[in-house]
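Below is one structure, written out as structure tokens; the observations come after it.
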Amino acid sequence: MSSSRARAGLLQICLAGVLWGTGGLAVQVVRDHAPLSVLTISGWRTGLAAVVLLAAALVAGRLGEVRRLLRARPGRVAVVGLCTAAYQALYFASVVLVGVTVSTVVSLGLAPVLLVARDAVVARSRPRGLLPVLAALTGLVLVSTAAGPGETGPSPVLGVLAAVASGTAYAAATALGEPLARGSDPLALTAATTTVGAVGLVPVALLLGGPAGTSDPVALAVLVYLGTLTFALAYALLYAGLRTTSSSAAVVATLVEPVTAGLVAAVFLGERLGVLGVAGMVLVLSAIASLPRAGRAGRAGARGLPASGPVVGGPPGTTA
55 MSSSRARAGL
65 LQICLAGVLW
75 GTGGLAVQVV
85 RDHAPLSVLT
95 ISGWRTGLAA
105 VVLLAAALVA
115 GRLGEVRRLL
125 RARPGRVAVV
135 GLCTAAYQAL
145 YFASVVLVGV
155 TVSTVVSLGL
165 APVLLVARDA
175 VVARSRPRGL
185 LPVLAALTGL
195 VLVSTAAGPG
205 ETGPSPVLGV
215 LAAVASGTAY
225 AAATALGEPL
235 ARGSDPLALT
245 AATTTVGAVG
255 LVPVALLLGG
265 PAGTSDPVAL
275 AVLVYLGTLT
285 FALAYALLYA
295 GLRTTSSSAA
305 VVATLVEPVT
315 AGLVAAVFLG
325 ERLGVLGVAG
335 MVLVLSAIAS
345 LPRAGRAGRA
355 GARGLPASGP
365 VVGGPPGTTA
């Protein structure tokens with residue numbers, strides 16, 4: 055695999071992170087216009103994304119690939135889809151229970167640590183690519199602290215547990231989706247996993263989420279935005295990027311999400327970033343920019359063992 059393909063894959067994942075970073079403001083706009091719970095919003099987001107992706111697969115002639123994926127590896131596709139749905143629901147719950155800062159640091163910060171540790175176990179060597187991960191996590195802490203210093207929720211212990219579960223689900227979905235992405239069409243894979251996620255999440259949202267809908271046009275428009283761009287398009291970009299990028303590098307790259315969220319809050323909500331926030335953003339972006347070099351250095355020293363950076367070679371014909 056050429057370095058240009060590795061960079062292109064990393065860019066696709068970063069774009070997914072940018073789209074996710076606008077989700078917080080979108081959720082806030084919905085809640086300002088309609089009395090919908092975060093669980094209901096998550097259900098709408100996932101359900102709308104599934105409809106959009108299945109329609110796109112139909113138009114693009116990819117429904118056969120979706121069916122093939124579900125028949126070939128139903129268990130793996132189901133786990134990835136349910137973990138994806140669980141991640142966002144648990145994250146939103148954590149925000150309510152313990153606050154934005156702790157939720158963001160624990161949920162987003164745990165995933166790269168878990169995947170770097172997994173890579174070390176698989177390679178039976180010391181963890182590689184630690185410097186970008188540590189730099190990104192430091193930046194994440196600075197950005198999150200600057201965005202919401204002192205914010206706490208009513209149930210810190212439950213909130214932290216929800217954040218840990220959210221980060222674990224995020225890491226699992228990315229790791230299990232990586233080999234699937236290397237052997238599957240990104241649109242078909244995104245449609246299959248999102249549909250499974252919607253089947254799991256939407257009934258829960260209907261039962262436990264309170265009011266199920268709204269007639270407010272602004273809220274409806276933003277829900278469509280959440281489903282089509284921050285979910286359907288963002289996850290299609292993620293899976294496309296995972297064809298040439300390892301899962302451990304991908305979760306570091308998606309830390310562009312809190313950077314985007316901080317910039318969106320500064321531009322649209324008038325929040326001040328401060329010196330710590332700017333320094334954190336620079337650290338995160340520097341860590342992401344170093345990922346291709348870290349991946350090449352890891353491969354050079356691994357003597358054929360799997361690296362934690364972008365993987366050499368074309369997409370194998372494996373599914374996960």
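All the letters of the sequence shown, read from the start, carry residue numbers 55 to 374 under the working numbering.
Glycine included, every Cβ here is placed at the ideal spot set by N, Cα and C.
Can you tell me the Cα-Cα spacing of residue i and residue j, whole angstroms?
{"i": "residue 208", "j": "residue 151", "result": "6 Å"}
{"i": "residue 73", "j": "residue 311", "result": "7 Å"}
{"i": "residue 322", "j": "residue 80", "result": "11 Å"}
{"i": "residue 153", "j": "residue 316", "result": "15 Å"}
{"i": "residue 113", "j": "residue 210", "result": "46 Å"}
{"i": "residue 245", "j": "residue 187", "result": "30 Å"}
{"i": "residue 116", "j": "residue 241", "result": "8 Å"}
{"i": "residue 199", "j": "residue 155", "result": "6 Å"}
{"i": "residue 57", "j": "residue 271", "result": "45 Å"}
{"i": "residue 130", "j": "residue 255", "result": "17 Å"}
{"i": "residue 19", "j": "residue 146", "result": "Since the first residue of the chain shown is 55 and the last is 374, residue 19 is not available in this structure."}
{"i": "residue 141", "j": "residue 78", "result": "15 Å"}
{"i": "residue 125", "j": "residue 133", "result": "14 Å"}
{"i": "residue 365", "j": "residue 173", "result": "In this prediction, residue 365 scores a pLDDT of 29, lower than 50, which makes its location untrustworthy; the coordinate-derived value is nonetheless stated afterwards. Between residue 365 and residue 173, the C-alpha separation is close to 12 Å."}
{"i": "residue 160", "j": "residue 191", "result": "10 Å"}
{"i": "residue 269", "j": "residue 118", "result": "36 Å"}
{"i": "residue 123", "j": "residue 248", "result": "13 Å"}
{"i": "residue 328", "j": "residue 121", "result": "50 Å"}
{"i": "residue 262", "j": "residue 177", "result": "43 Å"}
{"i": "residue 266", "j": "residue 96", "result": "11 Å"}
{"i": "residue 363", "j": "residue 303", "result": "Any reading at residue 363 is ruled out, since the residue's pLDDT is 32, under 50, leaving its predicted position unreliable."}
{"i": "residue 90", "j": "residue 260", "result": "11 Å"}
{"i": "residue 318", "j": "residue 75", "result": "8 Å"}
{"i": "residue 253", "j": "residue 136", "result": "9 Å"}
{"i": "residue 309", "j": "residue 257", "result": "30 Å"}
{"i": "residue 231", "j": "residue 216", "result": "22 Å"}
{"i": "residue 109", "j": "residue 185", "result": "42 Å"}
{"i": "residue 148", "j": "residue 275", "result": "26 Å"}
{"i": "residue 305", "j": "residue 88", "result": "32 Å"}
{"i": "residue 314", "j": "residue 239", "result": "28 Å"}
{"i": "residue 326", "j": "residue 291", "result": "30 Å"}
For the putative contact between residue i and residue j, defined by C-beta atoms under 8 Å, what is the C-beta separation to the nearest angstrom?
{"i": "residue 235", "j": "residue 293", "result": "4 Å"}
{"i": "residue 384", "j": "residue 100", "result": "Here the chain comprises residues numbered 55 to 374, so residue 384 is not present and cannot be evaluated."}
{"i": "residue 225", "j": "residue 277", "result": "That belief does not hold up - the Cβ atoms of residue 225 and residue 277 are roughly 27 Å apart, past 8 Å."}
{"i": "residue 345", "j": "residue 320", "result": "With a Cβ gap of about 25 Å, residue 345 and residue 320 do not count as contacting."}
{"i": "residue 337", "j": "residue 189", "result": "5 Å"}
{"i": "residue 157", "j": "residue 213", "result": "7 Å"}
{"i": "residue 334", "j": "residue 162", "result": "About 12 Å; that fails the 8 Å criterion."}
{"i": "residue 229", "j": "residue 340", "result": "That pair is no contact at about 25 Å."}
{"i": "residue 143", "j": "residue 93", "result": "6 Å"}
Touching by the beta-carbon criterion (3+ pairs, under 8 Å), the segment 279-286 and the segment 93-107: yes
Quick check for students: name the residue ranges of the alpha helix (DSSP H) that lie wholly in the segment 177-257, counting only runs of 4 or more. 184-201 and 210-236
Answer yes if the segment 82-92 comes into contact with the segment 61-72, meaning at least three C-beta pairs across the two stretches below 8 Å, and no otherwise. no
Minimum length 4: unbroken alpha helix (DSSP H) runs contained in the segment 102-169: 117-126 and 128-152
Specify whether the segment 64-71 and the segment 285-305 touch according to this definition: at least 3 beta carbon pairs, one from each stretch, less than 8 Å apart. yes
Beta strand (DSSP E) runs contained entirely in the segment 266-335, provided each spans 3 or more residues: none
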